[in-house]
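Participant: Numbering (this note's numbering), first residue to last: 4 to 452. For every residue, glycine included, the Cβ atom is placed at its ideal position computed from N, Cα and C.
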Ligand code: UDX
């Protein structure tokens with residue numbers, strides 16, 4: 004095999020497209036593969052089909068280099084690649100908390116019949132522990148090259164919004180392998196990353212699979228921990244914002260992922276903790292991670308409590324009231340609305356009879372597609388026009404920079420719920436706003452609006 008293997012990347016969503024583009028920029032010849040012809044066409048013409056800062060520029064660079072192409076043809080992929088990365092999604096099943104593995108299985112069964120020489124297939128998708136062993140057997144059974152086709156697991160830890168940096172210089176690489184040959188191929192496929200002294204942990208398949216869900220469970224637990232403290236603060240008049248800051252000075256605890264508020268959403272954390280709990284039950288160790296159900300419960304309650312705060316500011320009834328919802332994406336610098344707490348809150352308020360107008364700097368099109376019943380505006384001030392309550396749901400920087408007096412001039416009533424602790428309460432109070440935030444004492448406007 005060549006010192007610099009040729010790579011394919013199967014699945015061109017957030018993970019796969021980023022991986023394919025970054026690998027090509029780092030000097031590899033890469034073929035991206037997807038079953039969605041419209042996505043492939045966009046990528047081949049230099050268009051990134053989702054919002055990710057920095058990625059369009061890198062796609063242009065990669066295409067220009069001649070090292071990156073995209074196809075829907077698995078036969079072509081098998082002929083091209085020495086190392087095949089599987090980057091397809093593993094969403095939650097529609098009628099259960101388990102992961103839906105149909106896309107991972109389809110990637111393997113589409114590729115395997117064309118693998119007629121020694122090849123490494125590398126799973127990057129987040130899967131229930133034990134999936135890799137099953138897929139390895141499936142590959143051996145259905146590839147013409149049989150035992151010559153090996154499987155490795157290399158979980159991906161990239162965060163949306165920081166996907167390029169996380170891919171080019173990750174915190175660590177994890178290689179789950181069953182042979183030295185597989186490790187060598189992975190080291191060759193990540194040579195430019197490893198050259199930057201990125202630590203690598205070589206382990207077995209099942210540990211590699213588990214690292215990913217264990218990491219996401221830990222992060223979710225940290226967020227729900229501080230949000231549980233917010234519930235206690237609400238009952239006592241304490242301020243969870245100050246509490247979190249004070250905790251963060253202890254380096255053993257640290258301030259990252261300790262930001263209280265509306266809680267976590269997105270295409271990973273919520274479904275990963277549910278799938279992990281489900282898988283643990285299947286394995287007879289459900290009790291060991293039973294706390295993850297409570298983590299999920301705390302997280303869901305934050306959405307309900309945010310709705311409660313809006314209702315309180317509407318004097319107990321939102322029916323017929325105008326609510327400005329600032330944010331739709333599950334987090335800033337993303338257009339991703341999968342399991343987005345922001346849209347969940349907006350849709351609930353709508354169901355309760357409020358007239359909800361949403362603004363988000365990047366996720367409006369996606370939000371409109373899934374929630375056509377909501378109103379949409381093209382700016383934060385536009386959404387706030389004549390509002391009875393403003394509710395900040397995603398902490399985009401541009402929302403932090405809103406002038407409280409400029410917004411006070413367009414609303415009907417100066418009442419704001421800061422679902423993400425993104426604003427400085429005193430600034431808003433000084434402009435006449437009643438300010439409410441989860442786990443913080445109320446602040447009342449000090450001058451009439
Ligand atoms: C996450 C993991 O961070 C990443 O390593 C993994 O590969 C995929 O899942 P991502 O889904 O992109 O990444 O988002 P992340 O930045 O982790 O945020 C997840 C959610 O938690 C967001 O809704 C965010 O608003 C929320 N969050 C994060 C908090 O509520 N408080 C915090 O302190 C941090």
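Kindly indicate which residue of 156, 183, 185 and 43 has the alpha-carbon position closest to the one of residue 177.
Facilitator: 156
Participant: Mind the definition here: the region 337-344 touches the region 398-408 only if three or more C-beta pairs lie below 8 Å; say whether that holds.
Facilitator: Result no; under three Cβ-Cβ pairs closer than 8 Å.
Participant: Indicate, with yes or no, if the ligand UDX has a heavy atom lying under 8 Å from the CB of residue 271.
Facilitator: yes
Participant: Which whole runs of the beta strand (DSSP E) in the region 198-248 are 3 residues long or more, in chain order?
Facilitator: 203-206
Participant: Any chance you could list the alpha helix (DSSP H) runs of at least 4 consecutive residues sitting entirely within the region 244-289, in chain order?
Facilitator: 272-285
Participant: Measuring alpha carbon to alpha carbon, tell me which of 287, 192 and 407 ends up nearest residue 433.
Facilitator: Cα-wise, what sits closest to residue 433 is 407.
Participant: According to DSSP, simplified to helix, strand and coil, what is residue 152?
Facilitator: strand
Participant: Any contact between the region 220-231 and the region 262-270? By contact I mean 3 or more CB pairs, one from each, below 8 Å.
Facilitator: yes
Participant: Rounded to whole angstroms, what is the Cα-Cα separation between residue 58 and residue 164?
Facilitator: 10 Å
Participant: Is residue 47 near the ligand UDX, going by C-beta to nearest heavy atom under 8 Å?
Facilitator: no
Participant: Starting from residue 418 and walking both ways along the beta strand (DSSP E), at which residues does that stretch end?
Facilitator: 418-421
Participant: Any chance the region 368-379 sits against the region 297-308, with 3 or more Cβ pairs inside 8 Å?
Facilitator: Flag = no, the region 368-379 and the region 297-308 do not touch.
Participant: With DSSP run on the structure shown, which of helix, strand or coil describes residue 326?
Facilitator: strand
Participant: Which parts of the region 365-396 are runs of the alpha helix (DSSP H), unbroken and 4 residues or longer, counting only runs that do not cross its ends?
Facilitator: Runs of the alpha helix (DSSP H) inside the region 365-396: 367-373 and 383-387.
Participant: Since residue 309 is in the alpha helix (DSSP H), which residue starts that stretch and which ends it?
Facilitator: 294-316
Participant: Please classify residue 269: is it buried, with 16 or more other beta-carbons within 10 angstroms of its beta-carbon, or exposed?
Facilitator: Around the beta-carbon of residue 269, 16 or more other beta-carbon atoms lie within 10 Å, marking it buried.
Participant: Hey, out of 443, 307, 194 and 388, whose CA is closest to residue 26's CA?
Facilitator: 194
Participant: Can you give the Cα-Cα distance for residue 29 and residue 63, rounded to whole angstroms?
Facilitator: 14 Å
Participant: Excluding the 5 residues flanking residue 136 on each side, which residues of the same chain have their C-beta closer than 8 Å to its C-beta?
Facilitator: 208 and 209
Participant: From which residue to which residue does the beta strand (DSSP E) around residue 178 run?
Facilitator: 176-179
Participant: So what does DSSP say about residue 72, is it helix, strand or coil?
Facilitator: strand
Participant: Regarding residue 337 and the ligand UDX, is the C-beta to nearest heavy atom distance less than 8 Å?
Facilitator: Yes, the beta carbon of residue 337 sits closer than 8 Å to at least one heavy atom of the ligand UDX.
Participant: Could you please give me the residues that DSSP links to residue 438 through a beta bridge?
Facilitator: 419 and 446, per the DSSP bridge assignment.
Participant: Would you call residue 290 buried or exposed, if buried means 16 or more other Cβ atoms sit within 10 Å of its Cβ?
Facilitator: By the neighbour-count rule (16 or more Cβ atoms within 10 Å), residue 290 is not buried but exposed.
Participant: Which whole-angstrom value is the C-beta distance of residue 366 and residue 329, which I expect to be below 8 Å?
Facilitator: At roughly 12 Å, the Cβ-Cβ gap does not stay under 8 Å, so residue 366 and residue 329 are not in contact.
Participant: Quick one: Cα of residue 206 to Cα of residue 185, how far?
Facilitator: For residue 206 and residue 185, the distance between alpha carbons rounds to 11 Å.
Participant: Cβ of residue 23 less than 9 Å from any chain C Cβ?
Facilitator: Looking for chain C here will not work: only one protein chain is present.
Participant: In this structure, how does DSSP classify residue 19 when only helix, strand and coil are distinguished?
Facilitator: helix
Participant: Return yes when at least one heavy atom of the ligand FMN lies under 8 Å from the C-beta of residue 315, else no.
Facilitator: Ligands displayed in this structure: the ligand UDX; the ligand FMN is not among them.
Participant: Please look up how many angstroms separate the CB atoms of residue 288 and residue 279, rounded, as I've assumed it's under 8 Å.
Facilitator: Not quite, the Cβ-Cβ distance comes to about 11 Å (not below 8 Å), so this is no contact.
Participant: For residue 424, is the classification buried or exposed, using 16 other Cβ atoms within 10 angstroms of its Cβ as the cut-off for buried?
Facilitator: buried
Participant: If residue 65 sits next to residue 71, beta carbons under 8 Å apart, how far is it from one beta carbon to the other, in whole angstroms?
Facilitator: 4 Å
Participant: Hey, how far is the Cα of residue 52 from the Cα of residue 242?
Facilitator: Each residue's alpha carbon lies about 41 Å from the other.
Participant: Between which residues of its own chain and residue 173 is the CB-CB distance below 8 Å, once the five residues before and five after are set aside?
Facilitator: 160, 161, 196 and 201
Participant: What does the alpha-carbon distance come out to for the pair residue 431 and residue 94?
Facilitator: 40 Å
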